[in-house]
Amino acid sequence: ICPCLLRIRNYQDPDKETVRSLFSQGIQEHIGPSFKNAMSSPLYLCFSLGLGVTGYLLASGLGALVLVSGWAGLVYYCCHKLYADYVRGRLQADMQDIQASYMAQPDDCFWVAETVATGKVVGMVAVVAKKNGAERYGELFRMIISSATRRTGLGSRMTQAVLDFCKQRGMSKVILETSSTQTAAIALYQKLGALGTPLPPVHLPSSCGACQGF
Numbered sequence: 001i002c003p004c005l006l007r008i009r010n011y012q013d014p015d016k017e018t019v020r021s022l023f024s025q026g027i028q029e030h031i032g033p034s035f036k037n038a039m040s041s042p043l044y045l046c047f048s049l050g051l052g053v054t055g056y057l058l059a060s061g062l063g064a065l066v067l068v069s070g071w072a073g074l075v076y077y078c079c080h081k082l083y084a085d086y087v088r089g090r091l092q093a094d095m096q097d098i099q100a101s102y103m104a105q106p107d108d109c110f111w112v113a114e115t116v117a118t119g120k121v122v123g124m125v126a127v128v129a130k131k132n133g134a135e136r137y138g139e140l141f142r143m144i145i146s147s148a149t150r151r152t153g154l155g156s157r158m159t160q161a162v163l164d165f166c167k168q169r170g171m172s173k174v175i176l177e178t179s180s181t182q183t184a185a186i187a188l189y190q191k192l193g194a195l196g197t198p199l200p201p202v203h204l205p206s207s208c209g210a211c212q213g214f
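Numbering (the UniProt record's numbering), first residue to last: 1 to 214.
Structure follows, in structure tokens:
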């Protein structure tokens with residue numbers, strides 16, 4: 001999709017169900033990468049190997065396969081449940097009333113991206129104003145881009161909308177939290193000037209320029 005065919009605007013109530021659906025899909029995309037990360041960790045690899053050897057010694061190659069498959073299935077179930085529970089919780093909390101959660105205060109905002117031709121919502125992002133003593137800053141939430149519109153520069157444009165919004169209101173920075181499985185998002189934020197830390201949040205200077213690589 002050409003970037004010129006996508007536009008960013010403020011969230012409106014008729015967007016609610018589409019936004020909630022896009023949020024659910026975007027979060028649950030991380031089940032697979034999380035499962036892969038877990039199973040490829042040294043601890044889980046050693047445990048899988050141990051189960052395989054035990055199954056082979058006690059039964060046969062089939063026994064080893066059954067034990068390892070059962071273990072992998074359990075890990076996948078845990079990953080799925082983790083993300084499903086998170087989505088369910090958010091849909092019953094801030095994503096239940098988006099206007100009240102993200103647009104009730106003048107320094108908070110929720111944007112959606114839509115196709116110019118059809119008005120289909122294909123992305124979202126929100127910012128909430130925070131204070132730490134005299135310092136005012138924004139916290140970025142709910143950045144989701146549909147799979148069909150990735151690598152069009154939309155992620156950069158939406159992040160820049162947040163940065164510009166915060167800069168216009170005199171905020172010193174924008175912070176966010178993300179996970180290691182969100183590699184595309186991490187790359188985007190780094191190109192925008194993010195300073196990663198061992199624990200979240202990641203910091204984005206409110207004056208940094210747009211990136212067109214995402």
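Here a beta-carbon is modelled for each residue, glycine too, at the ideal position from N, C-alpha and C.
The model shown is predicted, which means the values in this text are computed figures rather than measured ones.
Inset, instruction - Grab me the residues of F165's own chain with a C-beta within less than 8 Å of its C-beta, minus the 5 sequence neighbours each way, in chain order. - result: Answer for F165: C109, V127, G138, listed in chain order.
Inset, instruction - Taking only runs that begin and end inside the UniProt domain "N-acetyltransferase" (66-214), name each unbroken beta strand (DSSP E) of 3 or more residues, in chain order. - result: 109-115, 121-132, 135-145, 173-176, 202-205
Legend entry - Cα-Cα separation between L57 and W71, rounded to whole angstroms: 17 Å
Legend entry - Spatial distance of T118 from L6 (CA atoms): 10 Å
Legend entry - One or two residues paired with R7 in a DSSP bridge: Under DSSP, the beta-bridge partners assigned to R7 are E114.
Inset, instruction - Under 8 Å Cβ to Cβ from V53, same chain only, skipping five residues before and after it: list those, please. - result: A64
Legend entry - Closest by C-alpha distance to H80, when choosing among G61, L67, G32, S101: G32
Legend entry - Own chain residues within Cβ distance below 7 Å of V66, not counting five before or after: G55
Legend entry - Backbone secondary structure at C46 - three-state DSSP: helix
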